[in-house]
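Read through the structure below, which is laid out as structure tokens, and then see the notes.
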Amino acid sequence: MNRESESSSPNILYYGTEAPLPERKALRAGPVSAVLEGADLRYVAVNGEIVILRLYAAVRDQSWGTIAPVFTSYELAEDETSFALRFSAEHVSPGEQGVDFAWDGSIVGSTDGTIVCTMAGAARSPFWRNRIGWCVLHPMELAGRPVEIHGGGQRAASAFPERIAPHQLFFDIEAMEHGLSAGGSLRLEFSGDLFETEDQRNWTDASYKTYSTPLRIPYPVALAAGDRVWQSITVTVTGTGSPTIPVPTAAELAVWVGDDIGHALPPIGVSGSSHGNALSDAEIDRFRQLHLGHLHHVVDLAAADWQGRLDQASEEATALGCALELEVLTNDDGQDFSELVAAVPAVEAPITRVTVFPRSGVVSTNEVLTAARNGRDQAELSFPIGGGSRAYFTQLNRGAPSAALLDYVAYPINPQVHAFDNASIVETLAAQAETVHAANALTGNLPVAVGPITLRPRINPDAVPSGETRPLGSLPDTVDVRQPSLFAAGWTVGSIRHLASAGVATLTFFETIGWRGLVERSDHELRVPAFHSRPGIAFPVYHALADVGEFAGGRLLSVEVSDRLAIEALALLMGDRFRLIVVSFQDESADVRLTLPPLTNLRSRSLDATTYDLAADDPATFRAQGEPLESDGGTVTISLRPFAVVTIDGHLETD
Numbered sequence: 000m001n002r003e004s005e006s007s008s009p010n011i012l013y014y015g016t017e018a019p020l021p022e023r024k025a026l027r028a029g030p031v032s033a034v035l036e037g038a039d040l041r042y043v044a045v046n047g048e049i050v051i052l053r054l055y056a057a058v059r060d061q062s063w064g065t066i067a068p069v070f071t072s073y074e075l076a077e078d079e080t081s082f083a084l085r086f087s088a089e090h091v092s093p094g095e096q097g098v099d100f101a102w103d104g105s106i107v108g109s110t111d112g113t114i115v116c117t118m119a120g121a122a123r124s125p126f127w128r129n130r131i132g133w134c135v136l137h138p139m140e141l142a143g144r145p146v147e148i149h150g151g152g153q154r155a156a157s158a159f160p161e162r163i164a165p166h167q168l169f170f171d172i173e174a175m176e177h178g179l180s181a182g183g184s185l186r187l188e189f190s191g192d193l194f195e196t197e198d199q200r201n202w203t204d205a206s207y208k209t210y211s212t213p214l215r216i217p218y219p220v221a222l223a224a225g226d227r228v229w230q231s232i233t234v235t236v237t238g239t240g241s242p243t244i245p246v247p248t249a250a251e252l253a254v255w256v257g258d259d260i261g262h263a264l265p266p267i268g269v270s271g272s273s274h275g276n277a278l279s280d281a282e283i284d285r286f287r288q289l290h291l292g293h294l295h296h297v298v299d300l301a302a303a304d305w306q307g308r309l310d311q312a313s314e315e316a317t318a319l320g321c322a323l324e325l326e327v328l329t330n331d332d333g334q335d336f337s338e339l340v341a342a343v344p345a346v347e348a349p350i351t352r353v354t355v356f357p358r359s360g361v362v363s364t365n366e367v368l369t370a371a372r373n374g375r376d377q378a379e380l381s382f383p384i385g386g387g388s389r390a391y392f393t394q395l396n397r398g399a400p401s402a403a404l405l406d407y408v409a410y411p412i413n414p415q416v417h418a419f420d421n422a423s424i425v426e427t428l429a430a431q432a433e434t435v436h437a438a439n440a441l442t443g444n445l446p447v448a449v450g451p452i453t454l455r456p457r458i459n460p461d462a463v464p465s466g467e468t469r470p471l472g473s474l475p476d477t478v479d480v481r482q483p484s485l486f487a488a489g490w491t492v493g494s495i496r497h498l499a500s501a502g503v504a505t506l507t508f509f510e511t512i513g514w515r516g517l518v519e520r521s522d523h524e525l526r527v528p529a530f531h532s533r534p535g536i537a538f539p540v541y542h543a544l545a546d547v548g549e550f551a552g553g554r555l556l557s558v559e560v561s562d563r564l565a566i567e568a569l570a571l572l573m574g575d576r577f578r579l580i581v582v583s584f585q586d587e588s589a590d591v592r593l594t595l596p597p598l599t600n601l602r603s604r605s606l607d608a609t610t611y612d613l614a615a616d617d618p619a620t621f622r623a624q625g626e627p628l629e630s631d632g633g634t635v636t637i638s639l640r641p642f643a644v645v646t647i648d649g650h651l652e653t654d
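Position 348 of the sequence shown, counted from 1, bears residue number 347 in numbering that gives the first Met the number 0, the numbering being contiguous throughout.
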């Protein structure tokens, strides 16, 4: 089926919505290059080194919800060495936690390498806010680099931390300065509020963030109509040599595959569906093709039907040929864990892990872990007991239970705590591995179980309770319209690569069926137009996990990509069977040069807009397809369609 899908527009297939991607504009301020997207300045670079990942203004409500700007005026003037953006914006959200804020802003870049950002705005009605103001994202590649902090008439020498810091790094910042890789320095000056810096790798953002207002000041803060906000940030680059550096040409996209990295592909599982309906025989047959390691199931011991739901999960895991992984919610003292212990002998499926949390919180406590271990041991059962966080890695990093009570440590991740655009979500992939290294350090190298891994947060531990109900026809906050898109499949491949390469013990992705799943419900009635799918179709992420599942128990090969924001790749080996999955995060086609080990019988299959319908409606037929590839001394060039997932198979040459 070599045609565009007849079911949806290309953008919907690419990333779940018809809206085009935000327009980007490459700009220069003397030796500094940057990319302008709306009123965000991204990828600010000097001599090819990204020195600021993103510079933007944020308006966040009392539940830390981000209210996007609507521009009422927008004017950009530019030349080859400078630019000036001036605009007006308003941030408005409805409901009892609604926000109404308007401001005038400017971002001006000068030939000498200085960039000045200003904000002058006011509340147009009373509301509560957690944050309003400029934010600077410093790239996580600054880890270990010395930095000088200026504030209160003092200077303090410090460094960006290598291990993820649980709490704020720098306080009461008026200015900060650090060196650049190729010489020279970057200085940032802040005014209009108190600024501090946190380590956003806690939430898998690939950055450290400098922001206002300090979190030690009680929040949310009430604003009255007419209350004003003024801020400015000045960025200065010095000592870089030539005041103007030519804009670099676009580099060739490339993937290099190397040797075995010393890690096996970890078992990969999925969560049971939130809607609770049992899988049909046809759905069981479809999911057996994924070679799942486990089915993740939540047991709330306070729920009246928990035993029946556990029996259903056990039956499904048995039919799928996989183990059962339990996430158990107990009373604060953990004494009701004995009820689960009593039920375990009747569970047919093997139980591979049991992670225990108090129902009242999101972090495992020593009390519930002790009760769980005592109950397990007294019943002479042998399943591993773990703990960690149900929300973000952050909570684990700030309050880990005793490692002596853990057989493993567990936490979920998602890429959308702070930002929601495609580019920011792709940026999180490299930061995911940092959470694994930090978890190892926290627990003395206990096995790490990461999951459920979802596009949106399962739980918002910072939300202020609201009596408002979800508007009819809207999606829950836990659902992302990109779930049935090619983008979700590509992001999943990248997530597996980075987490598996970091040495995780196991991974859990998404759910089986439905809005948060791999396959659409067969009884789906398209009640929410924003979620573009059809009853019973296999989403692209199903095929991503099937491609990986066919190499369950295999080995990971090292992979390097030339531009991790444009492409990702995962290389696997089982015996002499080789598989490389290459994905695109771009909305245009591009050639990609692959450097591969010596291989024979190379074939490729592309999941893209031209094959989406076949892959969705007839997964088995799609998966049986493939085209031969020619290799030129280990080098292969492929054409990667927009947001495509290309799977390349071969066999290692033998002497």
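Cβ coordinates follow ideal geometry from the N, Cα and C atoms, glycine included.
These numbers were taken from a predicted model, which means no experiment stands behind them.
Just mark residue i as buried or exposed, buried being the case when its beta carbon has 16 or more other beta carbons within 10 Å.
{"i": "K24", "result": "exposed"}
{"i": "A156", "result": "exposed"}
{"i": "L214", "result": "exposed"}
{"i": "R397", "result": "exposed"}
{"i": "P247", "result": "Because P247 sits at a pLDDT of 49, beneath the cut-off of 50, its placement in the model cannot be relied upon, and the following sentence gives the value as read from the coordinates. Exposed, by the Cβ-count rule."}
{"i": "A38", "result": "buried"}
{"i": "A56", "result": "buried"}
{"i": "Q415", "result": "buried"}
{"i": "L26", "result": "buried"}
{"i": "T468", "result": "exposed"}
{"i": "A570", "result": "buried"}
Taking Cβ to Cβ, would you say residue i is nearer than 8 Å to residue j?
{"i": "G120", "j": "H274", "result": "no"}
{"i": "A542", "j": "A504", "result": "Inspection of the sequence shows that residue 542 is occupied by His rather than by Ala. Cβ atoms of H542 and A504: not closer than 8 Å."}
{"i": "D99", "j": "R123", "result": "yes"}
{"i": "W133", "j": "Q230", "result": "yes"}
{"i": "S92", "j": "I131", "result": "no"}
{"i": "V361", "j": "I452", "result": "no"}
{"i": "F538", "j": "R578", "result": "no"}
{"i": "Q61", "j": "N10", "result": "no"}
{"i": "E656", "j": "L185", "result": "Since the first residue of the chain shown is 0 and the last is 654, residue 656 is not available in this structure."}
{"i": "A378", "j": "T442", "result": "no"}
{"i": "L639", "j": "A589", "result": "yes"}
Between which residues of its own chain and residue i is the CB-CB distance below 8 Å, once the five residues before and five after are set aside?
{"i": "A263", "result": "G552, G553, R554 and L555"}
{"i": "T634", "result": "R592, L593, T594 and L595"}
{"i": "L474", "result": "V480, W514, V527, A529 and F530"}
Using 8 Å for Cβ pairs, my map puts residue i next to residue j. What's the rounded Cβ distance?
{"i": "T620", "j": "L628", "result": "So it is not a contact: roughly 21 Å between Cβ atoms."}
{"i": "L291", "j": "G271", "result": "Wrong, their Cβ atoms sit about 11 Å apart, outside the cutoff."}
{"i": "G493", "j": "L564", "result": "Going by Cβ atoms, the distance from G493 to L564 rounds to 11 Å, so no, they are not a contact pair."}
{"i": "I566", "j": "L252", "result": "6 Å"}
{"i": "T351", "j": "A322", "result": "4 Å"}
{"i": "G450", "j": "T507", "result": "3 Å"}
{"i": "E347", "j": "S313", "result": "5 Å"}
Could you please give the first and the last residue of the uninterrupted beta strand (DSSP E) stretch that includes residue i?
{"i": "R128", "result": "F126 to P138"}
{"i": "V69", "result": "V69 to E77"}
{"i": "G268", "result": "I267 to S270"}
{"i": "Y218", "result": "Neither: Y218 is in no beta strand (DSSP E) and is coded neither H nor E."}
{"i": "W305", "result": "Unbroken run through W305 is the alpha helix (DSSP H), W305 to L319; no beta strand (DSSP E)."}
{"i": "G677", "result": "Since the displayed the chain opens at 0 and closes at 654, residue 677 lies outside it and no answer follows."}
{"i": "D648", "result": "V644 to L651"}
{"i": "D39", "result": "D39 to V45"}
Ignore the nearest five residues each way along the sequence and tell me which others in residue i's own chain have a CB closer than 6 Å to its CB.
{"i": "F356", "result": "L328, S363 and R389"}
{"i": "L75", "result": "L84"}
{"i": "A739", "result": "Residue 739 lies beyond the stretch modelled for the chain, which goes from 0 to 654, so this question has no answer here."}
{"i": "L544", "result": "L289"}
{"i": "R604", "result": "Q624, G625 and T646"}
{"i": "F642", "result": "Y13, L485, F486 and S583"}
{"i": "P349", "result": "A322"}
{"i": "T243", "result": "In this prediction, T243 has a pLDDT of 48, which is less than 50 and means its spatial position is unreliable; nothing more can be read from the coordinates."}
{"i": "W63", "result": "N129 and D461"}
Leaving out five residues before and five after residue i in sequence, what residues of the same chain have Cβ atoms less than 7 Å from its Cβ?
{"i": "T599", "result": "G649, H650 and E652"}
{"i": "G151", "result": "D171"}
{"i": "T393", "result": "N201 and W202"}
Just curious, the alpha helix (DSSP H) that residue i is in, first and last residue?
{"i": "W63", "result": "Unbroken run through W63: none, as it is neither H nor E."}
{"i": "P618", "result": "P618 to R622"}
{"i": "R287", "result": "D280 to R287"}
{"i": "I495", "result": "L485 to S500"}
Less than 7 Å separating the Cβ of residue i from some heavy atom of the ligand GTP?
{"i": "V547", "result": "Although the ligand GTP was asked about, the structure shown includes no ligands whatsoever."}
Please confirm if residue i has its CB atom under 8 Å from at least one CB of chain D.
{"i": "L141", "result": "The structure shown contains no chain D, having only a single protein chain."}
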